[in-house]
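Asks: Dropping a structure here in structure tokens format, bear with me for questions.
Protein chains: 2
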Amino acid sequence: MRDARFDVVGIGNAIVDIIGHCDEAFLVKIAATKGSMRLVDAGEIKKIYASMGPAVEISGGSVANTIAGVASFGGRAAFIGTVANDEFGKIFTHDIRSIGVTFNVPPIPDAAPTSRSLILVTPDGERTMHTFLGISTSLGETQLDLELIRDSAILYLEGYLFDEPEAKRSFRAALQTAKDAGREVALSLSDGFCVDRHRAEFLDLIRSGVDILFANEHEVKSLYQTESFELAAESASDDAKLAVLTRSGKGSIILSEGRSITISPEPVSDVVDTTGAGDLYAAGFLFGYVKGMGLEISGRLASLAASEIISHIGARPTIPLGEFARQRGVIS
Amino acid sequence: MRDARFDVVGIGNAIVDIIGHCDEAFLVKIAATKGSMRLVDAGEIKKIYASMGPAVEISGGSVANTIAGVASFGGRAAFIGTVANDEFGKIFTHDIRSIGVTFNVPPIPDAAPTSRSLILVTPDGERTMHTFLGISTSLGETQLDLELIRDSAILYLEGYLFDEPEAKRSFRAALQTAKDAGREVALSLSDGFCVDRHRAEFLDLIRSGVDILFANEHEVKSLYQTESFELAAESASDDAKLAVLTRSGKGSIILSEGRSITISPEPVSDVVDTTGAGDLYAAGFLFGYVKGMGLEISGRLASLAASEIISHIGARPTIPLGEFARQRGVIS
Chain A
1 MRDARFDVVG IGNAIVDIIG HCDEAFLVKI AATKGSMRLV DAGEIKKIYA SMGPAVEISG
61 GSVANTIAGV ASFGGRAAFI GTVANDEFGK IFTHDIRSIG VTFNVPPIPD AAPTSRSLIL
121 VTPDGERTMH TFLGISTSLG ETQLDLELIR DSAILYLEGY LFDEPEAKRS FRAALQTAKD
181 AGREVALSLS DGFCVDRHRA EFLDLIRSGV DILFANEHEV KSLYQTESFE LAAESASDDA
241 KLAVLTRSGK GSIILSEGRS ITISPEPVSD VVDTTGAGDL YAAGFLFGYV KGMGLEISGR
301 LASLAASEII SHIGARPTIP LGEFARQRGV IS
Chain B
1001 MRDARFDVVG IGNAIVDIIG HCDEAFLVKI AATKGSMRLV DAGEIKKIYA SMGPAVEISG
1061 GSVANTIAGV ASFGGRAAFI GTVANDEFGK IFTHDIRSIG VTFNVPPIPD AAPTSRSLIL
1121 VTPDGERTMH TFLGISTSLG ETQLDLELIR DSAILYLEGY LFDEPEAKRS FRAALQTAKD
1181 AGREVALSLS DGFCVDRHRA EFLDLIRSGV DILFANEHEV KSLYQTESFE LAAESASDDA
1241 KLAVLTRSGK GSIILSEGRS ITISPEPVSD VVDTTGAGDL YAAGFLFGYV KGMGLEISGR
1301 LASLAASEII SHIGARPTIP LGEFARQRGV IS
């Protein structure tokens, strides 16, 4: 197998986040399920936006955030996703490229606007999302740079893509390409409701070739339809070579061929916005893993990156994560 | 004179800020004068944007920030400025309305894009701006709601508008309307270079009817072409009923008919981004002043609002300022 030009290539929705604060009553008023992601159409997103308070716009997208994080650690990272030829598309493209990610999918003109997600942050720092997928639903096989996938040590896939039939087909084609090239495949389950909608297909996919599975407690319990985290974790460990499971304040667990490593969460004095916590956790883990640092160090880098992202608004790092990890003595 | 429906109406550029971090070397590379605002054209802003790091988009505009601040304190506030019928125009409109400001100028379609400012924040928190005015230069007299101006206790004008001939004419028309209606007029000098470009006209305007003059040390020294802050302050005090002069870390001075009140700066543990410090200072002062709280309390509200804005990225308040001032015991 030839050397990989990239450490990680990610495939996911290219999204700009519109982040504002709200109180618990507002979530009740708009009938939102706190902590979840709900897909909405153009009319609905307009309505919620009109009723919410002032916001800030920051590039987002679950796997895109992870890939930006890998680059911020100093990893060689690439992203595949679709934007339109509009302002939000320009913002997304600028932000991901300027952090050092290779992103060369040409914008799709005049079909639909660039995807956006309204993110409502409650005083406890928890985020609740309403996503309008727009042009993201057009991620077709023609957008897949198969050479890039073959040239990347790890292919990282976003569970949210399962909500779009065309993207799902691309997803499977990308996975097959990576496996054929002898690369590893990582998958994020993304969201508990997303797992609910596509449980059988997710299980089939994981069993057919996912090496690294990222999930939080809610998602993995939903996947295996059990109330017991321990049972769910055991099943995940049977199905994937590596199961990396996050449990918010309780830290995370990495399960690898019978071994179980518990990673403590990095203390954060003030949780401002949890948007991207799981995404940046994955960034730290994938960076450490692909650089051969071992599961323990990879887990610590994961926790460190998550702690940085929840200490400010938005899901993209505001400091170079590689430097941050060196300052904290996790890497030298 | 009838009661005013609004406490403050502001006229200024309707801008979306694109805020990113950079080091001192980057400012040298793009030949920027640290701490200043420079007007750039469409080509130049594209070039700088392409070379800068990841950014966030947040509604801005100097007087718009002040007006948002007045509303955040609980004041009745309105804004006049022009946006295009594009994404940035929608962002600006949403953000200013959702904080409680009356903003009813219809977007101008297909002429030029909504104004934007690239704001580069150095590690010391200082901001350096490159502004593409776009549609803002089209602020004509037809956009002026004269009834709204007559109906507002204070008209607040942005010095930056002096850079645009059509806006300058609107500026004078608005001022005359306010004076004829027996209202007070406040002016922000905005920027030292802006004062350099239009010194004679600024002086003429101030002497012909500005009641409250806001300026920082650099601006007021530039206005009176002196290196002595004391001499400049004395001249400002002669020319305007109230001169409100800010001196960054040294606090501020309010000069009123022979009286001089010194206001200490509010301590801030971590200066993140000074964008909007002067704008929010003006918001606190104008709110206290229009509510008849006296110059001392007005000055303290001003410092408090400035301290909130420099503790985070962006020039719009992230917490309700009225509540913040009550928590701090400045108002009851």
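So the sequences go chain by chain: A and B.
Reading the first sequence from the start, the letters are residues 1 to 332 in our numbering.
Reading the second sequence from the start, the letters are residues 1001 to 1332 in our numbering.
In this text, a Cβ means the ideal position worked out from N, Cα and C, and glycines have one as well.
(1) Just list the residues that DSSP pairs glutamate 57 of chain A with in beta bridges.
(2) Mind checking whether phenylalanine 1171 of chain B and leucine 1157 of chain B have CB atoms under 8 Å apart?
(3) Measuring only the C-alpha atoms, how far is tyrosine 1160 of chain B from isoleucine 309 of chain A?
(4) May I ask you to list the residues that DSSP assigns as paired with glycine 10 of chain A?
(5) Which residues in chain B sit within 8 Å of glutamate 57 of chain A, going by Cβ to Cβ distance?
(6) DSSP three-state label for asparagine 65 of chain A, please.
(7) Determine contact between the stretch 1080-1100 of chain B and the stretch 1240-1248 of chain B, defined as no fewer than three beta-carbon pairs at a distance below 8 Å.
(8) Measure the Cβ-Cβ separation of isoleucine 1019 of chain B and isoleucine 1119 of chain B and say whether it is below 8 Å.
(9) Compile a chain-ordered list of the residues in the stretch 1036-1053 of chain B whose CB is closer than 8 Å to at least one CB of chain A.
(10) 8 Å is my cut-off, CB to CB: does serine 1098 of chain B come that close to chain A?
(11) Under a Cβ-count criterion, where at least 16 other Cβ atoms within 10 Å of its own Cβ denotes burial, should arginine 1127 of chain B be classed as buried or exposed?
(12) By the criterion of Cβ-Cβ separation under 8 Å, what are the contact partners of phenylalanine 103 of chain A in chain B?
(13) With respect to the beta strand (DSSP E) encompassing leucine 118 of chain A, which residues constitute its N-terminal and C-terminal limits?
(14) According to DSSP, which residues form a beta bridge with histidine 130 of chain A?
(15) Which residues share a DSSP beta bridge with serine 252 of chain A?
(16) Suppose the cutoff is 7 Å on Cβ atoms and the five residues either side in sequence are ignored; what does the same chain contact list for histidine 21 of chain A look like?
(17) Could you name the residues that DSSP lists as bridge partners for valine 1185 of chain B?
(18) Give me the Cβ distance between phenylalanine 1079 of chain B and alanine 1064 of chain B, rounded to the nearest whole Å; I'm assuming they're in contact under 8 Å.
(19) Below 8 Å on the Cβ atoms is my contact criterion, and I expect glycine 1134 of chain B with serine 1117 of chain B to pass it. Report the Cβ-Cβ distance as a whole number of Å.
(20) If you follow the beta strand (DSSP E) that isoleucine 212 of chain A is in, where does it begin and where does it stop?
(21) Contact criterion: CB-CB distance below 8 Å. Does arginine 207 of chain A meet it with respect to chain B?
(22) Closer than 7 Å by C-beta to valine 83 of chain A: which residues in its own chain qualify, once you throw out the five before and the five after it? Chain order, please.
(23) Return the CA-CA distance between valine 1220 of chain B and aspartate 1191 of chain B, expressed in angstroms with no decimal places.
(24) Is the Cβ-Cβ distance between leucine 1301 of chain B and valine 1330 of chain B less than 8 Å?
(25) 8 Å is my cut-off, CB to CB: does aspartate 1086 of chain B come that close to chain D?
(26) Threonine 1102 of chain B bridges to which residues according to DSSP?
(27) Could you name the residues of the same chain whose beta carbon sits closer than 7 Å to that of serine 1311 of chain B, not counting the 5 residues immediately before and after it, in chain order?
(28) Helix, strand or coil: which one does DSSP assign to isoleucine 30 of chain A?
(29) DSSP state of isoleucine 1108 of chain B, grouped into three classes?
(30) Who are the neighbours of glycine 314 of chain A on chain B, taking C-beta pairs under 7 Å?
(31) By the DSSP assignment, the alpha helix (DSSP H) with alanine 1178 of chain B in it spans what residues?
(32) Within 8 Å of any Cβ in chain A, is that where the Cβ of histidine 1094 of chain B sits?
(33) Report the three-state DSSP secondary structure of alanine 991 of chain B (helix, strand or coil).
(34) Just the Cα atoms here: how many angstroms apart are methionine 1293 of chain B and phenylalanine 1285 of chain B?
(35) For serine 1252 of chain B, which residues in the same chain have their Cβ closer than 8 Å to its Cβ, ignoring the five residues on either side in sequence?
Replies: To lay it out plainly:
(1) Indexing the first sequence from 1 puts residue 57 of chain A at position 57. Per DSSP, A:Ile18 and B:Glu1057.
(2) Along the second sequence, read from residue 1 onward, the residue named residue 1171 of chain B stands at position 171. Along the second sequence, read from residue 1 onward, the residue named residue 1157 of chain B stands at position 157. Their beta carbons are under 8 Å apart, which means phenylalanine 1171 of chain B touches leucine 1157 of chain B by this criterion.
(3) Taking the second sequence and counting its residues from 1, one reaches residue 1160 of chain B at position 160. Taking the first sequence and counting its residues from 1, one reaches residue 309 of chain A at position 309. The straight-line gap from Cα to Cα measures roughly 36 Å.
(4) Sequence index remark: in the first sequence, residue 10 of chain A carries index 10 (1-based). Paired residues: A:Phe79 and A:Tyr156.
(5) Locating residue 57 of chain A in the first sequence gives position 57, counting from the first residue. The answer, in chain order, is Val1056, Glu1057, Ile1058 and Ile1091.
(6) Here residue 65 of chain A is taken as the residue at index 65 of the first sequence, counted from 1. Assignment of asparagine 65 of chain A by DSSP, reduced to helix, strand and coil, places it in the helix class.
(7) Touching, no, given that fewer than three Cβ pairs across the two stretches are closer than 8 Å.
(8) By one-based count along the second sequence, residue 1019 of chain B stands at place 19. By one-based count along the second sequence, residue 1119 of chain B stands at place 119. Contact flag set, yes.
(9) Answer set for the stretch 1036-1053 of chain B: Tyr1049, Ala1050, Met1052 and Gly1053.
(10) The residue given as residue 1098 of chain B occupies position 98 in the second sequence. Yes, serine 1098 of chain B lies at the interface with chain A (some Cβ there is under 8 Å from its Cβ).
(11) Here residue 1127 of chain B refers to the residue found at position 127 when the second sequence is read from its first residue. Under a 10 Å Cβ-count criterion, arginine 1127 of chain B is classified as buried, with 16 or more other Cβ atoms of the shown protein chains found around its own Cβ.
(12) Within the first sequence, numbered from 1, the residue matching residue 103 of chain A stands at position 103. Near phenylalanine 103 of chain A there are no residues of chain B at all, since even the closest Cβ is about 12 Å away, more than 8 Å.
(13) Here residue 118 of chain A is taken as the residue at index 118 of the first sequence, counted from 1. From DSSP, the beta strand (DSSP E) with leucine 118 of chain A extends over 115-121.
(14) Numbered from 1 along the first sequence, position 130 holds the residue referred to as residue 130 of chain A. DSSP, once it has assigned bridges, lists A:Arg38 and A:Leu118 as partnering histidine 130 of chain A.
(15) Counting from one through the first sequence, the residue named residue 252 of chain A turns up at place 252. Under DSSP, serine 252 of chain A takes part in a beta bridge, and its partners are A:Thr246 and A:Ile263.
(16) Sequence index remark: in the first sequence, residue 21 of chain A carries index 21 (1-based). Within its own chain, the residues whose Cβ lies closer than 7 Å to the Cβ of histidine 21 of chain A, once the five positions on either side in sequence are excluded, are Gly53 and Val121, listed in chain order.
(17) Here residue 1185 of chain B refers to the residue found at position 185 of the second sequence. Answer is B:Leu1155.
(18) What you label residue 1079 of chain B is simply residue 79 of the second sequence in a count that begins at 1. What you label residue 1064 of chain B is simply residue 64 of the second sequence in a count that begins at 1. Between alanine 1064 of chain B and phenylalanine 1079 of chain B the Cβ distance is about 6 Å, and since that is below 8 Å, they are a contact.
(19) As a first step, residue 1134 of chain B is located in the second sequence; it is residue number 134 there, counting from the start. As a first step, residue 1117 of chain B is located in the second sequence; it is residue number 117 there, counting from the start. The pair is not a contact, with the Cβ atoms about 10 Å apart (cut-off 8 Å).
(20) For the purposes of this step, residue 212 of chain A is identified with residue 212 of the first sequence, where counting begins at 1. Here the beta strand (DSSP E) through isoleucine 212 of chain A covers 212-216.
(21) Translated into the one-based positions of the first sequence, residue 207 of chain A becomes position 207. Chain B contact via Cβ: absent.
(22) Here the question's residue 83 of chain A lines up with position 83 in the first sequence. Taken in chain order, the residues that qualify are Ala14, Gly89, Phe92, Thr93, Pro107, Thr114 and Ile135.
(23) Numbered from 1 along the second sequence, position 220 holds the residue referred to as residue 1220 of chain B. Numbered from 1 along the second sequence, position 191 holds the residue referred to as residue 1191 of chain B. Taken atom to atom, the span from the alpha-carbon of valine 1220 of chain B to that of aspartate 1191 of chain B is near 10 Å.
(24) In the second sequence, counting from the first residue as 1, residue 1301 of chain B sits at position 301. In the second sequence, counting from the first residue as 1, residue 1330 of chain B sits at position 330. Yes. Within cutoff.
(25) Note that chain D does not occur in the displayed structure, where the protein chains are A and B.
(26) The count along the second sequence starts at 1 and reaches residue 1102 of chain B at position 102. B:Ala1078.
(27) Taking the first residue of the second sequence as position 1, residue 1311 of chain B is located at position 311. Cβ-Cβ distances below 7 Å link serine 1311 of chain B to Val1268, Asp1270 and Val1272 in the same chain, with the five nearest sequence neighbours on each side left out; the list follows chain order.
(28) Translated into positions along the first sequence, residue 30 of chain A becomes position 30. In this structure, isoleucine 30 of chain A counts as coil in the three-state DSSP scheme.
(29) Counting from 1 along the second sequence, the entry for residue 1108 of chain B is found at position 108. DSSP, reduced to helix, strand and coil, places isoleucine 1108 of chain B within a strand of the structure shown.
(30) Counted from its first residue, the first sequence places residue 314 of chain A at position 314. Within 7 Å Cβ-Cβ: Val1056.
(31) As a working mapping, residue 1178 of chain B is identified with position 178 in the second sequence. In the DSSP annotation of this structure, the continuous segment of the alpha helix (DSSP H) that includes alanine 1178 of chain B starts and ends at 1165-1180.
(32) As a working mapping, residue 1094 of chain B is identified with position 94 in the second sequence. For histidine 1094 of chain B, the nearest CB of chain A lies under 8 Å from its own CB, placing it at the interface with that chain.
(33) Outside the modelled stretch of chain B, which goes from 1001 to 1332, sits residue 991 of chain B, for which no answer is possible.
(34) Indexing the second sequence from 1 puts residue 1293 of chain B at position 293. Indexing the second sequence from 1 puts residue 1285 of chain B at position 285. So the alpha carbons of these two residues sit roughly 10 Å apart.
(35) Taking the second sequence and counting its residues from 1, one reaches residue 1252 of chain B at position 252. Contacts found: Val1244, Leu1245, Thr1246, Thr1262, Ile1263, Pro1265, Tyr1281, Gly1299, Ala1302 and Ser1303.
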